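So for the sequence shown, UniProt numbering puts the first residue at 1; every next one is plus one. Right, one structure below, let's go through it.
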Amino acid sequence: MQAFNGKKWEKFNSEKVVALAFARIQGKAALVTHFQNSSLMNEDKRCRPILFCTDGPNAGEQEPFPIGTSIRSKAGKGRGYVTEENHHRGSPSTSVNGGDSPNRSDDSSGSAGDLY
1 MQAFNGKKWE
11 KFNSEKVVAL
21 AFARIQGKAA
31 LVTHFQNSSL
41 MNEDKRCRPI
51 LFCTDGPNAG
61 EQEPFPIGTS
71 IRSKAGKGRG
81 YVTEENHHRG
91 SPSTSVNGGD
101 SPNRSDDSSG
111 SAGDLY
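Set out below in structure tokens:
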């Protein structure tokens, strides 16, 4: 990691310099917990977090992201929570399983993998 810190992107004719920093949320379990009830889960599937299997015969394959039961609404649209029951009654653009993406599964169960 330190090998990249302070380096320039020479191949791209850019003056940008790499500056590495630790994330506020550390670890897969903490990230899943943070995002499963996030207002991001109200967005199009293409904008939601995804998980990949890292071990075993399914390594590298996408796995379902566990969806929470108290998904937060966007800050600009009220600070309440959307329960799973009333969340499914929303419009297609805001439903938990809304959007058409061949790379996503509608299964809401989750297992081991990395968050990207």
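Glycine is no exception: its CB is placed at the ideal position from the N, C-alpha and C atoms. Nothing here was measured: the structure is a model prediction, and the numbers come from that model.
Quick check on DSSP: helix, strand or coil for Phe-22?
If you number the sequence shown from 1, residue 22 lands on position 22. In the structure shown, Phe-22 sits in coil (DSSP, three-state: anything other than H, G, I, E or B).
Is Leu-51 buried or exposed, if buried means 16 or more other CB atoms sit within 10 Å of its CB?
By one-based count along the sequence shown, residue 51 stands at place 51. It counts as buried.
Could you check what DSSP says for Ser-14 in three-state terms: helix, strand or coil?
The residue given as residue 14 occupies position 14 in the sequence shown. In the structure shown, Ser-14 sits in coil (DSSP, three-state: anything other than H, G, I, E or B).
To the nearest angstrom, report how far apart Cys-53 and His-34 are at their CA atoms.
What you label residue 53 is simply residue 53 of the sequence shown in a count that begins at 1. What you label residue 34 is simply residue 34 of the sequence shown in a count that begins at 1. Straight-line Cα distance between these residues: approximately 19 Å.
Inspect the CB distances between the region 21-31 and the region 58-67 and report whether three or more fall short of 8 Å.
Taking 8 Å as the limit for Cβ pairs, the verdict is that the region 58-67 does not touch the region 21-31.
Which value, in whole angstroms, describes the spacing of the CA atoms of Val-18 and Gly-68?
In the sequence shown, the residue the question calls residue 18 occupies position 18. In the sequence shown, the residue the question calls residue 68 occupies position 68. So the alpha carbons of these two residues sit roughly 35 Å apart.
For the beta strand (DSSP E) containing Asn-72, list its first residue and its last residue.
By one-based count along the sequence shown, residue 72 stands at place 72. It is Arg, not Asn, that sits at residue 72 in the sequence shown. Looking at the DSSP string, the run of the beta strand (DSSP E) that includes Arg-72 is 70-72.
Smallest Cα separation from Phe-65: which of Leu-40, Ser-14, Ala-23 and Lys-7?
In the sequence shown, residue 65 corresponds to position 65, counting from 1. Closest by alpha carbon: Leu-40.
To the nearest angstrom, report how far apart Lys-8 and Ser-70 are at their CA atoms.
Mapped onto the sequence shown, residue 8 falls at position 8. Mapped onto the sequence shown, residue 70 falls at position 70. When rounded, the distance between both Cα atoms is 43 Å.
Using a Cβ-Cβ cut-off of 8 Å (strictly less than) and excluding sequence neighbours within five positions of Lys-74, which residues of its own chain qualify?
To locate residue 74, count along the sequence shown from 1; it is residue 74. Excluding positions up to five away in sequence, the list reads Ser-39 and Asn-42.
Tell me, please, which residues DSSP counts as bridged to Lys-8.
As a first step, residue 8 must be located in the sequence shown, where it is residue number 8. BP columns for Lys-8 point to Val-17.
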